[in-house]
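Beneath this line is the structure, given in C-alpha cells, with notes to follow.
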Amino acid sequence: MKIYLNGKLVDKREAKVSVFDHGFLYGDGAFEGIRSYNCRVFRLKEHIDRLYETMHTLMIDPHLTKKQMNDVVLATLRANKIKDGYIRLIVSRGEGDLGLDPRKCFGRPNVICITDKITLYPPELYQQGMAIITVPTVKNVPNALNPQLKSLNYLNNILAKMEATHCGYNEAVMLEENGYIGECTGDNVFIYKDGVLSTPHLGRLKGITAAAILELAAKIKIKVFEGYITRHEMYNAGECFLTGTAAELIPIVKVDGRTIGEGRPGPVTKKLLDAFHQLTKKDGVKYSF
Ligand SMILES: *Cc1c(COP(=O)(O)O)cnc(C)c1O
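Residue numbers for the sequence shown follow my numbering, beginning at 1144 and rising by one.
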C-alpha cells in the first residue's frame, strides 16, 4: 500500500509523522473522507472545498492549490490501483513544540492521503436495517467547536460512539444543545413521514452525502424539510436512515427501543438508496491506471 506523504508516495511502513505534530498532540488539523466508485471520485470538488474551508478557519496553509490537492487524491488512487475505495485526506498542523501555539509550528503542515477499502457497518445491517440509541453526550455547540469543521478533534463523537457501543449498539444519535436531533457520530440523520423527508438544519455537519440525498429527493418529487426534529418525531417516523461518505446510506429500524415504521427498510429509503447508487455511477471525477 502506497501512502501520499508531503509530495511523495511512500510505502505504508515509511508513512510516519513526528510525535510533535500538533495533529497528534492536540487534534489540530483538518480531514476529509471521500469515496470513489468504479474509477470516479464522488463529489471530489465539494470535498476539497470543504477541506479548504476547515483549513481557512483553522488558518492552516497546506502550500497546495485546490487543483494540486485534487491531483494528490487521484495520484494516490492510481498508485494503489483502487477502483472502488475510501480516501482519507488529512492536513495536520505539523511539527511544533509542546505548547498550543500554532505559530511555533515551524514545519509545514503534513499532507497525507490514504486510500483503502472500508464498510462502516456490518453488511447485513444494510439489508435488515440498524438499531441505534440516543446518548448523553451532546454535540459541541457552534461557538465552541462548530460541527461544520471536519477537524482531527473527534473526541465529542468518540465519547458518543463509546456510549452506544457500551450499550451494545453500533451507532449513537447525538442531540444538539437544546435536545433536538443533531446527527450520528459520523453520519447525518433523515426521517421520512407522510411524503416529507426531514433532516436537522443545526447541530450537524452539512454532509456531502446528505446534500446529494436532498437533491435526489427533490428530483423524485419528495418534499424536503430542514429544521428542528425531536426524538418523538423520530420515534414516530415512517422511515429513518443515516447518510455519510463512509456509511453511504443505511436504514434505521429502531431508535431507543421504538420500532420505526414497519421495522424494516422502507420503500422511500430503498428508492433513495437506488437513486444514490445510480448517481455514484455517473457523477464524479474520472481517473484511470
Ligand atoms: C463526515 C461526517 C458526516 C458525513 O458527511 P459526508 O460529507 O456525507 O461524508 C456527518 N457527520 C459527521 C460528524 C462527519 O464527520
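We treat Cβ as the ideally placed atom computed from N, Cα and C, and that holds for glycine.
Keep in mind that this is a model prediction, so the values were computed, not measured.
- Distance between Pro-1285 and Gly-1325, taken at the CA atoms: about 12 Å.
- Secondary-structure assignment with DSSP links Ser-1341 through a beta bridge to Ile-1334 and Phe-1368.
- Per the DSSP secondary-structure output, Asn-1253 pairs in a beta bridge with Ser-1235.
- Shortest Cα-Cα distance from Tyr-1297 to any of Phe-1432, Gly-1172, Val-1162 and Val-1153 involves Gly-1172.
- Boundaries around Glu-1267 are those of the alpha helix (DSSP H), 1266-1271, since no beta strand (DSSP E) includes it.
- In this structure, the C-beta of Asn-1331 approaches ligand 1 to less than 6 Å from one of its heavy atoms.
- Your pair Ser-1235 and Leu-1148 does not check out as a contact, with CB atoms roughly 11 Å apart and the cut at 8 Å.
- Apart from the 5 residues on each side of it in sequence, Ala-1274 sits with its Cβ closer than 7 Å to the Cβ of Tyr-1312, Val-1396 and Lys-1397 in its chain, given in chain order.
- The residues Tyr-1323, Ile-1324, Val-1332, Ile-1334, Ser-1341, Thr-1342 and Pro-1343, in chain order, have a CB closer than 8 Å to that of Ile-1372 in the same chain once the five nearest residues on each side in sequence are set aside.
- At a cut-off of 6 Å, the beta-carbon of Glu-1405 does not count as near ligand 1: no heavy atom of the ligand is closer than that.
- For the pair Leu-1359 and Leu-1416, the CB atoms are not nearer than the 7 Å cut-off.
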